[in-house]
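This report refers to the structure that appears directly beneath it.
Residue numbers (the numbering used here), protein chains in the order written: chain A, 1 to 289; chain B, 1001 to 1269; chain C, 2001 to 2544.
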């Protein structure tokens, strides 16, 4: 297939995925209870008229099809609507915050991958390195995110560290298991029989052929890190997209939540598509060589 | 069996025994309130002290063991099985169908599934018996926790499918079903094992988070997740170390699962 | 080496002290739990927006949150007419809005007109709008005006403690305020920065311009543990609402910082769903509508255990709609509800209920069990629910506790009415009984147990309606108090709301903050914000 056509198909697939994600998010929110209620309605100190106004404002929404069609039309013009909770344009809210979350996710992923890769390689190469890394990854898995947030705050560590803590166990354990399995593969046994040194065996014959799987894992860990950013930013009160997503969910902020879902879907689908293409290309090369 | 696996199995045996024998270990029950002795330090009557309502912490821990240690691995198994099936299917079906399936995984990963749970809670009656609520919760966790792993399973299947030994097997005339069942499926073991082990603590902690939606364990029934959620006062932990018991129990359980499933130290031959 | 060490130590101490003394402009720092939902001063319906409005806008009078007496503010004097229908204000002269526009009677007249405009219906005018029509405003001169209503209004002058005065002519429109600070920056979900209003009118006894602080920094901080940690690091000057655990932790290490403001106006209560439209099983609706059933449930709950175990003694047992702090409205002749399970069973037996093998059954043989919904994430309510569950088990009643996230809970109690019983709290903001008017009127949407009744469905609800309406127009204070006391007696007798506890107002105030007079009433620390001042001490309230 011509590369341009391939690219076009990939772009269409990406766009359709993003649109479906937005549609399903809006549908979920429409069906969820509490979407047409304002918390202030139960405040008896407010007058009947004020509460009636709040009730009318909270309940005012078009039918689902009209809403999503209108949303897409406005989105094409660059208008994602106005947040119900913040009374500010959604584009402004996202624009103010995306860099903070992007930086935290990028730093968290970099740290998690550095530590996870190093841990997996060291554990695969030395029986003494495995217990501390395994114990550390298990410890991180077992800590409630609220506790982790407080601990990081008290230790004055960056939020990216919490994201790294959420992603590291996944990277370490998948890679570690794959490296262990690779040690039993025929080509590694043959290499050992030929007397190839342990470091060379580990890096070239066990680790290197796994890079397509690692690329796929990288794509998945981006989604994991974005997912972890939501509770982390909410718990640590970091004004990023994760906190925005959390608050918009609690406030049933339809325009904001649909826009954020679309943004997350765009990144997830984009990263995973790139990872798939890279993995496929890598897979072919690996076995041909 | 290696020493590590033996240790892991023994540890798990102990933990499961504690869960099964919870009524014997703590005959007073998890809900009994000794209101004259709230927040008590450990005593011979209350080995791990009491909580703010005077409930025996040990009783709550062992009864919580029953909830978490039986249901979380079951939910992890459901999610792992679904990831295996979906990932495998997306790799072996026709290319276009595989791409559609992969797209579906990614869309599922991006969705705010929280609202699915909220809607589901609204559809359930309020007076759901505690254990039914628990079963529903962990089943939901299992049913929703697989898409990211499915992608990794797909990648593993694709790379195995294109491997030299698979080519050789095909060239030798091996039928597809046998090729997949005998040669490719075993290669998924490390990926699935990692997935299973990762999901156990995630589900145990996730169950506590679902409490905010009215799903999962509700008072007075304990679970490890709900007991861990009480560990918010970090600075009081050094003076009241017994409060860390649920965290240590979870840590031990997950470590034991790792050790029991570990093949490290086995001969690669 | 030794000499070096000796000289180094004072140098380090000096450096540390210098670092702790704020350089440049002084800044008041505290947190809000959520973003302000509105910056429109006339449409404020949440605590965060109220706080910002309090800092940026001026009011004709101010209630001293310690003495509960009104004090002059923008009005230097005022007089309520003998019939309680009008009030004449004399305004301060020389006062300017934050943009330099002069403040006159015309601004007050314009503000009241807007607040009571039936077309605009702003929240700030809720208390001033009357069915009889808008008030008549007579401007006598630039400094004097009279506001007259068609019918008497009880506590009329207190209503002007909550009405922000806007400019009639300022180029900045509602952006110009008469408060001590001006909003300089707002970053959603992150922070607000306020700067000193250069035209603020108040001066201290020595004639120095107020406020003392040059800036205010408000961070949006939802996580209470992190807020507490920041306070202990010295990054915040106060926390206006602490839970009892954090309060005790703070008191253990810094007794001076932990301030118990005494009983608040807040109440924790539970109620049963009595709405006929609720589609409850017939037998359940019959239980919930039975006064004997509600009283039995109320008498079976050990409120002293709730106070002792949930609030660690920093609360009073629930008496009724008014906390003992709400003087003179609180009916002191009502004692705390008794714990009397035997009496409760007798009441139930008289209604045909019977206890069989530890299970309470109604006359139709239905086991008495119901669900109790409450908002998730509130540890105190979860504990209260657990105590209630055990208490009621003693009379054979089984309850299922269901925590729900707030929007789902609100949907159930305001829209679908699909619930049996609900455990929630009421944050009393205003001392005046009119603050609770909408909860007690049977026609109201916030008459939670049976909202929006076309006509009162029971005689006691009709009686409460009459009493609440009568007190709202009663100008004679002792008579008004008697009406409110009678209303409390009926509420106790009928138990439509089962009051459980009235918590204390627990606060954290840094010793670095001078002139703080924290009160149980909102805004607890900020009510005299213009007089709050920094104390430049190198190391105060530092907690290990």
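Backbone N, C-alpha and C define an ideal beta-carbon position, used for all residues, glycine too.
These numbers come from a predicted model, not from an experiment.
Its Cα nearest to that of residue 2338(C), the residue 2301(C) stands out among 2321(C), 2327(C), 2301(C), 2347(C).
Taking all protein chains in view, the Cβ of residue 2079(C) is surrounded by fewer than 16 other Cβ atoms within 10 Å, so the residue is classified as exposed. By the Cβ criterion, the region 2049–2058 of chain C is in contact with the region 2510–2528 of chain C, since at least three pairs of Cβ atoms, one from each stretch, lie closer than 8 angstroms. In the DSSP assignment, residue 2253(C) falls within the unbroken alpha helix (DSSP H) covering 2244–2253. Assigned with DSSP and collapsed to three states, residue 2043(C) falls in coil, not helix or strand. Around the C-beta of residue 62(A), fewer than 16 other C-beta atoms lie within 10 Å, and the residue is accordingly described as exposed. Taken through DSSP and simplified to helix, strand or coil, residue 2152(C) comes out as coil.
The Cβ atoms of residue 1087(B) and residue 1151(B) sit closer than 8 angstroms to each other.
Contact between the region 2309–2318 of chain C and the region 2493–2504 of chain C is present: three or more C-beta pairs spanning the two stretches fall below 8 angstroms. In the three-state scheme derived from DSSP, where H, G and I count as helix and E and B as strand, residue 2329(C) is classed as coil. For residue 68(A), no CB of chain B lies under 8 angstroms from its own CB, so it is not counted at the interface with that chain. Secondary structure of residue 205(A) (DSSP, three-state): helix. Taken atom to atom, the span from the alpha-carbon of residue 2484(C) to that of residue 243(A) is near 45 angstroms. Judged by their CB atoms, residue 172(A) and residue 116(A) are nearer to each other than the 8 angstroms cut-off. Three or more Cβ pairs closer than 8 angstroms define a contact, and the region 60–76 of chain A falls short of that threshold against the region 121–131 of chain A. For the options 2172(C), 2083(C), 2033(C), the alpha carbon positioned closest to that of residue 2477(C) is the one of 2083(C). Looking only at 187(A), 37(A), 95(A), the smallest Cα-Cα distance to residue 2415(C) is reached by 37(A).
Between residue 1209(B) and chain C, the shortest Cβ-Cβ separation is not below 8 angstroms.
For residue 2356(C), the uninterrupted beta strand (DSSP E) run begins and ends at 2354–2356, by DSSP. A direct Cα-to-Cα measurement between residue 2288(C) and residue 158(A) gives close to 52 angstroms.
At a cut-off of 8 angstroms between beta-carbon atoms, residue 224(A) makes no contact with chain C. DSSP, read as helix, strand or coil, puts residue 2291(C) in helix. Within the same chain, Cβ atoms closer than 6 angstroms to the Cβ of residue 228(A) are found at 163, 166, the five residues on either side in sequence being excluded. Around residue 2404(C), the same chain offers 2373, 2374, 2375, 2376, 2412 as residues with beta carbons nearer than 8 angstroms, after the five sequence neighbours per side are excluded.
For residue 1102(B), the nearest beta carbon of chain A is closer than 8 angstroms to its own beta carbon. When the five nearest sequence neighbours on each side are left out, the beta carbons in the same chain lying within less than 6 angstroms of the beta carbon of residue 2155(C) are those of 2432, in order along the chain. At least 8 angstroms separates the CB of residue 2268(C) from every CB of chain B.
For residue 2096(C), the pairing in a beta bridge is given by DSSP as 2102(C). Counting C-beta atoms within 10 angstroms of its own C-beta, residue 2255(C) has fewer than 16 neighbours from the protein chains shown and is therefore classed as exposed.
For residue 2229(C), the neighbours in chain A by C-beta distance under 9 angstroms run, in chain order, 150, 153, 154. Proximity of chain B to residue 158(A) at the Cβ level (cut-off 9 angstroms) is not reached, the minimal Cβ distance being about 18 angstroms. Residue pairing from DSSP places residue 2027(C) in a beta bridge opposite 2215(C). When the Cα atoms are used, residue 245(A) and residue 1100(B) turn out to be separated by approximately 27 angstroms. Cβ-Cβ distances below 7 angstroms link residue 2351(C) to 2290, 2292, 2293 in the same chain, with the five nearest sequence neighbours on each side left out; the list follows chain order.
Spatial neighbours of residue 258(A) in its own chain (CB-CB distance under 6 angstroms, excluding positions within 5 residues in sequence) are listed in chain order as 22, 25, 26. Identification of chain A residues near residue 2445(C) by a Cβ-Cβ cut-off of 9 angstroms yields 41, 42, 48, 51, 52, 55, ordered along the chain.
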